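Undergrad: Residue numbers (my numbering): 84 to 329. The structure follows.
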Amino acid sequence: MLKVEGLSVDYGGVHALKQVSLDVAEGSMVALIGPNGAGKTTLLNAICGSVKAAQGRVLFEGKDIVGTPPYRVARLGLLHVPEGRQILGPLSVAENLDLGRLAVGGRATDGGNDLERVYSLFPLLKQRSEQEGGSLSGGEQQMLAIGRALMGRPRLLLLDEPSLGLSPLITNQVFAALQRLNQQGLTILLVEQNARRALDITARAYVLEQGRVVQSGRSADLADDPAIIEHYLGRAGGAKPASAVV
Ligand code: ATP
């Protein structure tokens, strides 16, 4: 469904991505792990068109989308849940969700079933539908950011560090929701610092270091690889979470 071929991105003199190639098959859930500054966010931004590629191709369902503006990429069904969630604080939960529909050109009357699907995945959002988005906890805001993307009817969902700042309990809930979405057929590319959890819930994974893919394969095999264990999984299993916020 998604094929990245020889993608390079430069920020002035910084070569953030160097000839990166990866594949995400339809219906799969793929992890992208790597240390801080490896280029993971840049890769997602370059795929969805918000960062300019210096070289390479991004094929989405066979069509090269390099140079396509992000709003048009979104309308093709490739939606991005950015790091930091970008919830509009003064708007209600329901209004934030509606933005996801409007962002892909949705009309005023066709959001009903999509909204019910989001509320059945995250019942908590239904309970808080009239509450200001900015008053939600970190975990609830992550659910809202995912729900907002789902309102745009994605065919492929890109997620940037969904567990960042969340407690282990809330991370479990968010990851369980991602697994459920994948089981329902949604294709997912997941960027995560929490390598252990990312390898647990995905079938395949790529490891990015200093702008290059240095390893890829079945997630279960990577989780058993001594070098991956040493660098990414450690004794306790996974990157240390940032200060836990629920
Ligand atoms: P993290 O896990 O910390 O979010 P990352 O793997 O997502 O890191 P990126 O944020 O993509 O990495 O950054 C890759 C490299 O590009 C880093 O060296 C970073 O400093 C640099 N970089 C990112 N954005 C910019 C920018 N707008 N201008 C200049 N350099 C940038």
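No residue lacks a Cβ here, since even glycine has one placed at the ideal position from N, Cα and C. Since we're looking at a predicted model, the values are computed, not measured.
How many whole angstroms separate the CB atoms of alanine 157 and glycine 235, which I take to be in contact at a CB cut-off of 8 Å?
TA: Counted from its first residue, the sequence shown places residue 157 at position 74. Counted from its first residue, the sequence shown places residue 235 at position 152. With 8 Å as the limit, alanine 157 and glycine 235 qualify as a contact, their Cβ atoms being about 6 Å apart.
Undergrad: I need the residues with a C-beta less than 5 Å from some heavy atom of the ligand ATP; please give them in chain order.
TA: Answer in sequence order: Tyr94, Val97, Ala99, Asn119, Gly120, Ala121, Gly122, Lys123, Thr124, Thr125.
Undergrad: What is the DSSP secondary structure of leucine 171, counted as helix, strand or coil?
TA: The sequence position of residue 171 within the sequence shown is 88, counting from 1. In the structure shown, leucine 171 sits in coil (DSSP, three-state: anything other than H, G, I, E or B).
Undergrad: Excluding sequence positions up to five away, which residues of its chain have a Cβ less than 7 Å from the Cβ of lysine 123?
TA: As a position in the sequence shown, residue 123 is number 40, starting the count at 1. Excluding residues within five positions, the ones whose Cβ falls inside 7 Å are Leu115, Gly117, Val274, Leu291.
Undergrad: Within 10 Å of its beta-carbon, does tyrosine 289 have 16 or more other beta-carbons around it, so buried, or fewer, so exposed?
TA: The residue given as residue 289 occupies position 206 in the sequence shown. Classification of tyrosine 289: buried, given that the 10 Å Cβ count is 16 or more.
Undergrad: Pop quiz: asparagine 179 and arginine 231 are said to be a contact at Cβ under 8 Å. What is the actual Cβ separation, rounded to whole angstroms?
TA: As a working note, residue 179 is residue 96 in the sequence shown. As a working note, residue 231 is residue 148 in the sequence shown. With 8 Å as the limit, asparagine 179 and arginine 231 qualify as a contact, their Cβ atoms being about 6 Å apart.
Undergrad: Ignore the nearest five residues each way along the sequence and tell me which others in arginine 238's own chain have a CB closer than 6 Å to its CB.
TA: Against the sequence shown, residue 238 aligns to sequence position 155. Within the same chain, arginine 238 has close Cβ partners Gly160.
Undergrad: Helix, strand or coil: how does DSSP classify aspartate 307 here?
TA: Within the sequence shown, residue 307 is the residue found at index 224, counting from 1. If DSSP states are grouped into helix, strand and coil, aspartate 307 belongs with coil.
Undergrad: Looking at the unbroken alpha helix (DSSP H) that takes in valine 201, where does it start and where does it end?
TA: Numbered from 1 along the sequence shown, position 118 holds the residue referred to as residue 201. Counting along the chain, the alpha helix (DSSP H) containing valine 201 begins and ends at 195 to 204.
Undergrad: Anyone know if the C-beta pair for glutamine 225 and leucine 249 falls short of 8 Å?
TA: Walking along the sequence shown from the start, residue 225 turns up at place 142. Walking along the sequence shown from the start, residue 249 turns up at place 166. Yes. Within cutoff.
Undergrad: Sorted by chain position, which residues of the same chain lie with C-beta nearer than 7 Å to threonine 151's C-beta, five sequence neighbours on each side aside?
TA: Along the sequence shown, read from residue 1 onward, the residue named residue 151 stands at position 68. Cβ within range, chain order: Gly132.
Undergrad: Compute the Euclidean distance between the alpha carbons of leucine 219 and leucine 242, then round it to the nearest angstrom.
TA: Sequence index remark: in the sequence shown, residue 219 carries index 136 (1-based). Sequence index remark: in the sequence shown, residue 242 carries index 159 (1-based). Taking the straight line from one Cα to the other gives about 19 Å.
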